[in-house]
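J.: In the working numbering, the protein residues as written are 1 to 299.
Shown below is the structure under consideration.
Spelled out as structure tokens, the structure:
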């Protein structure tokens, strides 16, 4: 029985690393920009379908992944355009972009499911290297690039945009420009995650984006809950570890007998459990604070 679990754990770590990019992308909009972008469920398969189109044309997989990134940035700019030019709320802007992308994704290849087993992928290019190391290498390159960017002047202003637009304006910068930049980067990363997932599973499917926002949130919540007090781990590191833990929990749940169709239920339960844990912990702090205040008054 234990022998059979190792392939499950290996696959779970691989998918967790792929989902890390998804989680990092969502963190950028939800936490850094305070912009609730639901276009994730369209952008994720967009990356897969753009990669599939490139693969069918015989394009180098690495170039195809880069093209997928830029396709995602375009999707992010569409969400911004709806938000800024049409004065549509962020939540609805993302939903509208996601809805449009469903049809666009199928249009890209003309099919809602594209098998990719016989085409080149990054895993075939680096066939002598374990899959997990290939994914980890790509992930670390992107992570370090993001971390480096966020430590530049533009990166600091991007982080300030979600917290204090007035401060950004006082620095002579336009917050809207940074919202656009954040949305483009976020959706670009999510699209790359979709491109890697298509290569990992061997196909691109129009439905592969379903509930991806919940998957990303689960990864973020797990990472933030476990490593909340850690000063050494930044948000990208917490998102990566959270995504791996999330996939390990899901993989083990399926291994012990739950159906793959129960995966969405498992995801929801994981999110509820960690949010509930956080809320109970916060609630206890408030109760302690109230008791302390009451005792002080009695004294």
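Yeah, the Cβ is synthetic: ideal placement off N, Cα and C, and Gly gets one too.
Remember, it's a predicted structure, so these values are computed and weren't measured experimentally.
1. What are the residues that DSSP puts in a beta bridge with residue 115?
2. In terms of alpha-carbon separation, which member of 79, 146, 106 lies closest to residue 95?
3. Among 116, 13, 228, 165, which has the Cα closest to the Cα of residue 54?
4. In three-state terms, what does DSSP make of residue 59?
5. With 16 other CB atoms within 10 Å as the buried threshold, where does residue 232 fall?
6. Could you tell me whether the region 173-190 touches the region 246-261, using the rule of 3 or more Cβ pairs below 8 Å?
7. Give a yes or no on contact between the region 184-199 and the region 39-56, applying the rule of three or more CB pairs nearer than 8 Å.
8. Mind checking which residues open and close the alpha helix (DSSP H) that includes residue 38?
9. Enumerate in chain order the residues of its own chain whose CB-to-CB distance from residue 15 is below 6 Å, with the five nearest sequence positions on each side excluded.
10. Hey, out of 242, 126, 226, 237, whose CA is closest to residue 214's CA?
11. Between which two residues does the alpha helix (DSSP H) containing residue 123 stretch?
12. Does residue 259 come out as helix, strand or coil in the three-state DSSP assignment?
13. Look at the alpha carbon of residue 10 and the alpha carbon of residue 132, and state the distance between them as a whole number of angstroms.
14. Below 8 Å, how does it come out for the region 15-25 and the region 154-163: are there three or more Cβ pairs, yes or no?
15. Sort 49, 265, 168, 137 by Cα distance to residue 122 and report the nearest one.
16. Along the chain, where does the alpha helix (DSSP H) that runs through residue 171 open and close?
17. Should residue 86 go down as buried or exposed, given a rule of 16 or more other Cβ atoms within 10 Å for buried?
18. In whole angstroms, give me the CA-to-CA distance for residue 280 and residue 238.
19. Taking buried to mean at least 16 other C-beta atoms within 10 Å of its own C-beta, is residue 119 buried or exposed?
20. Which of the three DSSP states, helix, strand or coil, is assigned to residue 211?
21. Between the region 30-40 and the region 204-222, do three or more beta carbon pairs fall short of 8 Å?
22. In angstroms, rounded to a whole number, what distance separates the CA positions of residue 67 and residue 60?
23. Let me see if you follow: with CB-CB separation under 7 Å, is residue 270 close to chain C or not?
24. Does the distance from the CB of residue 274 to the CB of residue 190 come in under 7 Å?
25. Hey, out of 270, 62, 226, whose CA is closest to residue 124's CA?
26. Distance, Cα to Cα, residue 201 vs residue 6?
27. Compute the distance between the beta-carbons of residue 76 and residue 150, then report whether it is under 7 Å.
28. Please go through the same chain and pick out, in chain order, the residues whose beta-carbon is closer than 6 Å to the beta-carbon of residue 126, but skip the five residues on each side of it.
T.: In brief:
1. In the chain shown, counting from the first residue as 1, residue 115 sits at position 115. Answer is 203, bridged to residue 115.
2. In the chain shown, the residue the question calls residue 95 occupies position 95. Considering only alpha carbons, the answer is 79.
3. The count along the chain shown starts at 1 and reaches residue 54 at position 54. Minimum Cα distance to residue 54 is reached at 116.
4. For the purposes of this step, residue 59 is taken as the residue at position 59 of the chain shown. Coil, per DSSP.
5. The sequence position of residue 232 within the chain shown is 232, counting from 1. So residue 232 ends up on the exposed side.
6. no
7. yes
8. Here residue 38 refers to the residue found at position 38 of the chain shown. Premise fails: residue 38 is in no alpha helix (DSSP H) and is neither H nor E.
9. The residue you call residue 15 lines up with position 15 of the chain shown. The answer, listed in chain order, is 247.
10. Taking the chain shown and counting its residues from 1, the one referred to as residue 214 is at position 214. It is 242.
11. If you number the chain shown from 1, residue 123 lands on position 123. Taken as a continuous stretch (DSSP letters only), the alpha helix (DSSP H) holding residue 123 covers 122-125.
12. As a working mapping, residue 259 is identified with position 259 in the chain shown. Residue 259: coil per DSSP, three-state reduction.
13. Sequence index remark: in the chain shown, residue 10 carries index 10 (1-based). Sequence index remark: in the chain shown, residue 132 carries index 132 (1-based). Going by the C-alpha atoms only, they are around 8 Å apart.
14. no
15. In the chain shown, residue 122 corresponds to position 122, counting from 1. Comparing Cα-Cα distances from residue 122 to each of 49, 265, 168, 137, the minimum goes to 137.
16. One-based indexing of the chain shown puts residue 171 at position 171. Careful: residue 171 lies outside any alpha helix (DSSP H) and carries neither H nor E.
17. In the chain shown, counting from the first residue as 1, residue 86 sits at position 86. Per the 10 Å Cβ criterion, exposed.
18. Reading the chain shown from its first residue, position 280 is the one you call residue 280. Reading the chain shown from its first residue, position 238 is the one you call residue 238. If you take the alpha carbons of residue 280 and residue 238, they lie about 21 Å apart.
19. The residue you call residue 119 lines up with position 119 of the chain shown. By the neighbour-count rule (16 or more Cβ atoms within 10 Å), residue 119 is buried.
20. On the chain shown, residue 211 is found 211 positions in, with the first residue counted as 1. In this structure, residue 211 counts as coil in the three-state DSSP scheme.
21. yes
22. To locate residue 67, count along the chain shown from 1; it is residue 67. To locate residue 60, count along the chain shown from 1; it is residue 60. Distance between the alpha carbons of residue 67 and residue 60 is about 11 Å.
23. The structure shown contains no chain C, having only a single protein chain.
24. In the chain shown, counting from the first residue as 1, residue 274 sits at position 274. In the chain shown, counting from the first residue as 1, residue 190 sits at position 190. No, Cβ-Cβ distance for residue 274 and residue 190 is not below 7 Å.
25. The residue you call residue 124 lines up with position 124 of the chain shown. It is 62 whose Cα lies nearest to the Cα of residue 124.
26. Translated into the one-based positions of the chain shown, residue 201 becomes position 201. Translated into the one-based positions of the chain shown, residue 6 becomes position 6. Between residue 201 and residue 6, the C-alpha separation is close to 18 Å.
27. Counting from 1 along the chain shown, the entry for residue 76 is found at position 76. Counting from 1 along the chain shown, the entry for residue 150 is found at position 150. Not closer than 7 Å, so no.
28. For this step, residue 126 is matched to residue 126 along the chain shown. Same-chain partners within the cutoff: 134.
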